[in-house]
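Note sheet for the following structure.
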Amino acid sequence: MSAAEQAGTVTGTVRIVPVSLSDKAMLDRFIRVPFHVNAGDPNWVPPLMMERREALSPKKNPLFAHAEAQLFLAVRDGRDVGRISAQIDRLSPLTAEGIGYFGMICAEDDPEIFRTLFAAAEDWLRARGRTRILGPFNLSINEETGLLVDGFDTPPMLMMPHDPPYAMRRVEELGYAKAKDVLAYHYDIRHDFPPAVRKRLEKPLPPGTVLRRLDMSRYKQEIAALTGIFNDAWAGNWGFVPLTEADTDHLAASIRPLIDRNLVWFVEIDGEPAAFMVTLPNLNEAIRDLNGSLLPFGWAKLVWRLKVKGLKTGRVPLMGVKRKHAKGLSGGMLSWLLIDACRRECLKRGMEFFELSWVLEDNVPMRRIAESIIASPYKTYRIYGKTL
4 MSAAEQAGTV TGTVRIVPVS LSDKAMLDRF IRVPFHVNAG DPNWVPPLMM
54 ERREALSPKK NPLFAHAEAQ LFLAVRDGRD VGRISAQIDR LSPLTAEGIG
104 YFGMICAEDD PEIFRTLFAA AEDWLRARGR TRILGPFNLS INEETGLLVD
154 GFDTPPMLMM PHDPPYAMRR VEELGYAKAK DVLAYHYDIR HDFPPAVRKR
204 LEKPLPPGTV LRRLDMSRYK QEIAALTGIF NDAWAGNWGF VPLTEADTDH
254 LAASIRPLID RNLVWFVEID GEPAAFMVTL PNLNEAIRDL NGSLLPFGWA
304 KLVWRLKVKG LKTGRVPLMG VKRKHAKGLS GGMLSWLLID ACRRECLKRG
354 MEFFELSWVL EDNVPMRRIA ESIIASPYKT YRIYGKTL
């Protein structure tokens with residue numbers, strides 16, 4: 004038994020063990036909990052261990068420059084049977100309201116395990132003056148958000164969570180109630196836009212409006228422009244946390260291996276970036292059978308699937324229209340232009356579907372845009388809340 008386990012708290016038959024972000028062995032145990040909990044779920048996709056280690060590294064994830072987090076393992080009879088995180092993000096507007104967060108929840112289907120894990124997270128937040136808890140956020144609202152409550156019959160897309168059906172029941176048994184739902188839209192790109200939308204897109208662009216691809220020769224500046232649009236477009240939305248300069252640098256580095264300049268588009272109006280859309284190949288499609296490791300032959304399989312075989316699915320994780328351009332018909336038109344440009348390029352690469360995610364349930368303008376092109380919500384992720 005490790006020193007951390009000896010220092011853990013015992014409740015019933017479950018021992019709660021705090022996990023230090025600097026303890027590599029314990030961190031790997033924390034990351035691996037979903038590997039055995041979800042082993043029987045054909046739709047769960049094992050994440051790459053190297054990616055998860057970087058996401059939980061204060062040296063590599065800029066989130067930790069403005070957030071504090073504590074990880075917990077649940078251990079029973081020498082087995083790791085569950086995990087959870089508790090965190091406080093100083094940049095979140097909800098923090099000023101006394102709100103803290105939980106995330107990374109994964110446990111075997113046992114009420115005692117869930118109860119002891121949530122008690123640990125709640126106690127940690129309560130000790131830091133938090134009066135309400137929201138989640139799951141893994142670890143930020145700009146990363147994996149929500150607990151899957153509908154859409155268990157298909158695998159998750161890149162950077163989206165996947166949970167067993169029993170998890171929502173266990174969370175709700177502990178007094179947690181819905182705070183918000185976020186939706187993932189499924190879009191079959193093999194079908195053209197409805198005639199009314201297509202007719203509008205065939206009209207000449209207004210003077211000063213330019214639709215263009217990402218310029219890889221100015222990659223860092225382009226990502227900075229993208230971030231500026233994103234922060235403006237999403238400002239004021241529920242729970243929004245702006246991307247910092249460090250976040251931008253991290254984003255630029257982390258998505259560059261997946262970037263295809265023909266799948267990232269901007270609209271400029273009078274020389275100013277006004278809107279953007281990023282489509283990424285769905286990495287989960289390529290890594291499903293790698294069991295979290297690129298060794299010994301995972302690298303070769305991944306490169307072949309990405310570069311030679313190609314993928315059938317993609318995800319739109321980032322999209323935004325500056326608020327001054329978003330109102331009325333112009334906002335819809337800019338979004339249609341971007342989606343259509345990405346759609347045409349995805350078709351050239353043999354893709355068939357992409358996911359627009361995530362979309363807040365009360366983001367009516369974005370939902371109308373998605374539904375106007377016959378995209379349909381096929382997964383629902385719930386953010387739960389509870390008074391401490």
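Numbered by my numbering, the letters in the sequence shown go through residues 4 to 391 in order.
A virtual CB, placed ideally from N, CA and C, is assigned to each residue, including glycine.
Since the structure is predicted, the reported quantities are computational estimates derived from the model, not experimental observations.
Residue 155 (DSSP reduced to helix, strand or coil): As a first step, residue 155 is located in the sequence shown; it is residue number 152 there, counting from the start. Residue state, collapsed to three classes: coil.
Using the three-state DSSP reduction, which class does residue 104 fall into: helix, strand or coil? Numbered from 1 along the sequence shown, position 101 holds the residue referred to as residue 104. The answer is strand: DSSP assigns residue 104 an E or B state.
In whole angstroms, what is the alpha-carbon distance linking residue 289 and residue 309? Counted from its first residue, the sequence shown places residue 289 at position 286. Counted from its first residue, the sequence shown places residue 309 at position 306. The alpha-carbon atoms of residue 289 and residue 309 are separated by roughly 7 Å.
Below 8 Å CB to CB, which residues in the same chain sit around residue 97 once its five sequence neighbours on both sides are set aside? As a position in the sequence shown, residue 97 is number 94, starting the count at 1. Excluding its 5 nearest sequence neighbours in each direction, residue 97 has C-beta neighbours in its own chain below 8 Å: 137 and 242, listed in chain order.
One question on the structure: do residue 65 and residue 249 come within less than 8 Å of each other, judged by their Cβ atoms? Looking up residue 65 in the sequence shown gives position 62. Looking up residue 249 in the sequence shown gives position 246. Against a cut-off of 8 Å, the Cβ pair of residue 249 and residue 65 comes out as a contact.
Within 8 Å, strictly: CB atoms of residue 19 and residue 75: Counting from 1 along the sequence shown, the entry for residue 19 is found at position 16. Counting from 1 along the sequence shown, the entry for residue 75 is found at position 72. In contact: residue 19 and residue 75 (Cβ atoms closer than 8 Å).
N- and C-terminal bounds of the beta strand (DSSP E) containing residue 352: By one-based count along the sequence shown, residue 352 stands at place 349. Note, residue 352: premise wrong, no beta strand (DSSP E); not H, not E.
Considering only their Cβ atoms, is the gap separating residue 142 from residue 384 smaller than 8 Å? Residue 384 sits at position 381 when you count from the first residue of the sequence shown. Residue 142 sits at position 139 when you count from the first residue of the sequence shown. No, these two residues do not count as a Cβ contact at 8 Å.
Can residue 36 and residue 83 be called in contact, C-beta distance under 8 Å? Along the sequence shown, read from residue 1 onward, the residue named residue 36 stands at position 33. Along the sequence shown, read from residue 1 onward, the residue named residue 83 stands at position 80. Yes.
Can you give the Cα-Cα distance for residue 328 and residue 21, rounded to whole angstroms? The residue given as residue 328 occupies position 325 in the sequence shown. The residue given as residue 21 occupies position 18 in the sequence shown. Straight-line measurement puts the Cα of residue 21 at about 47 Å from the Cα of residue 328.
Can you tell me which of the three DSSP states residue 222 falls into? Numbered from its first residue, the sequence shown carries residue 222 at position 219. In the structure shown, residue 222 falls within a helical segment according to DSSP collapsed to helix, strand and coil.
Ends of the beta strand (DSSP E) at residue 379? By one-based count along the sequence shown, residue 379 stands at place 376. Counting along the chain, the beta strand (DSSP E) containing residue 379 begins and ends at 379–390.
Decide if residue 28 is buried, meaning its Cβ has at least 16 other Cβ atoms within 10 Å, or exposed. For the purposes of this step, residue 28 is identified with residue 25 of the sequence shown, where counting begins at 1. Around the Cβ of residue 28, a 10 Å sphere holds fewer than 16 other Cβ atoms; the residue is exposed.
If you reduce the DSSP assignment to three classes, tell me which class residue 34 lands in. Indexing the sequence shown from 1 puts residue 34 at position 31. The answer is helix: DSSP assigns residue 34 an H, G or I state.
With which residues is residue 179 paired in a DSSP beta bridge? Locating residue 179 in the sequence shown gives position 176, counting from the first residue. For residue 179, which the question treats as bridged, DSSP gives no partner whatsoever.
The alpha helix (DSSP H) spanning residue 117 covers which residue range? Counting from 1 along the sequence shown, the entry for residue 117 is found at position 114. Here the alpha helix (DSSP H) through residue 117 covers 114–129.
Residues that DSSP places opposite residue 212 in a beta bridge: Translated into the one-based positions of the sequence shown, residue 212 becomes position 209. 272.
Compute the beta-carbon to beta-carbon distance between residue 110 and residue 85, rounded to the nearest angstrom, for a pair I have assumed lies under 8 Å. Position 107 of the sequence shown, counted from the first residue, corresponds to residue 110. Position 82 of the sequence shown, counted from the first residue, corresponds to residue 85. With 8 Å as the limit, residue 110 and residue 85 qualify as a contact, their Cβ atoms being about 3 Å apart.
Would you check if there are 3 or more beta carbon pairs closer than 8 Å linking the stretch 165–178 to the stretch 317–326? no
Considering only residues of the same chain and omitting the five flanking positions on each side of residue 73, which have a CB-CB separation below 6 Å? In the sequence shown, counting from the first residue as 1, residue 73 sits at position 70. For residue 73, where only same-chain residues beyond five positions count, the Cβ hits under 6 Å are 89 and 127.
Is the CB-CB distance between residue 92 and residue 382 below 8 Å? Locating residue 92 in the sequence shown gives position 89, where the first residue counts as 1. Locating residue 382 in the sequence shown gives position 379, where the first residue counts as 1. Contact flag unset, no.
What does residue 72 pair with, by DSSP beta-bridge criteria? What you label residue 72 is simply residue 69 of the sequence shown in a count that begins at 1. Its beta-bridge partners are 90.
Own chain partners of residue 273 with C-beta closer than 7 Å, once the 5 adjacent residues on each side are dropped: Stepping through the sequence shown from its first residue, residue 273 is reached at position 270. Apart from the 5 residues on each side of it in sequence, residue 273 sits with its Cβ closer than 7 Å to the Cβ of 211 in its chain, given in chain order.
Tell me whether residue 295 counts as near the ligand SAM, meaning its Cβ is closer than 7 Å to at least one heavy atom of that ligand. The model on display carries no ligand, and the ligand SAM is accordingly not part of it.
Please list, in chain order, all residues of the same chain as residue 95 whose beta carbon is under 6 Å from its beta carbon, the five residues on each side excluded. The sequence position of residue 95 within the sequence shown is 92, counting from 1. For residue 95, where only same-chain residues beyond five positions count, the Cβ hits under 6 Å are 244.
Between residue 337 and residue 268, how many whole angstroms is the CB-CB distance? I'm expecting something under 8 Å. Within the sequence shown, numbered from 1, the residue matching residue 337 stands at position 334. Within the sequence shown, numbered from 1, the residue matching residue 268 stands at position 265. Contact flag wrong, Cβ pair sits at about 10 Å.
Counted within 10 angstroms of its Cβ, other Cβ atoms place residue 42 as buried (16 or more) or exposed: For the purposes of this step, residue 42 is taken as the residue at position 39 of the sequence shown. Classification of residue 42: exposed, given that the 10 Å Cβ count is below 16.
Give me whichever residues DSSP pairs with residue 345 in a beta bridge. Numbered from its first residue, the sequence shown carries residue 345 at position 342. Bridge partners of residue 345: none, in fact.
What is the DSSP secondary structure of residue 406, counted as helix, strand or coil? There is simply no residue 406 to check, as the chain begins at 4 and stops at 391 in what is shown.
Mapping DSSP to helix, strand and coil, what is residue 279? Mapped onto the sequence shown, residue 279 falls at position 276. Residue 279: strand per DSSP, three-state reduction.
Need the endpoints of the alpha helix (DSSP H) that residue 368 sits in, please. Position 365 of the sequence shown, counted from the first residue, corresponds to residue 368. Unbroken alpha helix (DSSP H) run through residue 368: 367–375.
CB-CB under 7 Å to residue 378, same chain, minus the five flanking residues each way: which ones, in chain order? Working through the sequence shown from its first residue, we reach residue 378 at position 375. Hits under 7 Å: 188, 189, 190 and 359.
Going by the CB atoms, is the gap between residue 139 and residue 106 shorter than 8 Å? On the sequence shown, position 103 is the one that residue 106 refers to. On the sequence shown, position 136 is the one that residue 139 refers to. Closer than 8 Å, so yes.
For residue 251, collect the residues of the same chain with a Cβ closer than 7 Å to its Cβ; drop the 5 residues on either side in sequence, then sort them by chain order. To locate residue 251, count along the sequence shown from 1; it is residue 248. Taken in chain order, the residues that qualify are 226, 227 and 230.
Using C-beta distances below 8 Å, list every residue in its chain close to residue 376, excluding the 5 sequence neighbours before and after it, in chain order. Along the sequence shown, read from residue 1 onward, the residue named residue 376 stands at position 373. Excluding sequence neighbours, residue 376 sits near 190, 196, 197, 200, 339 and 342.
Just mark residue 176 as buried or exposed, buried being the case when its beta carbon has 16 or more other beta carbons within 10 Å. As a position in the sequence shown, residue 176 is number 173, starting the count at 1. Per the 10 Å Cβ criterion, exposed.
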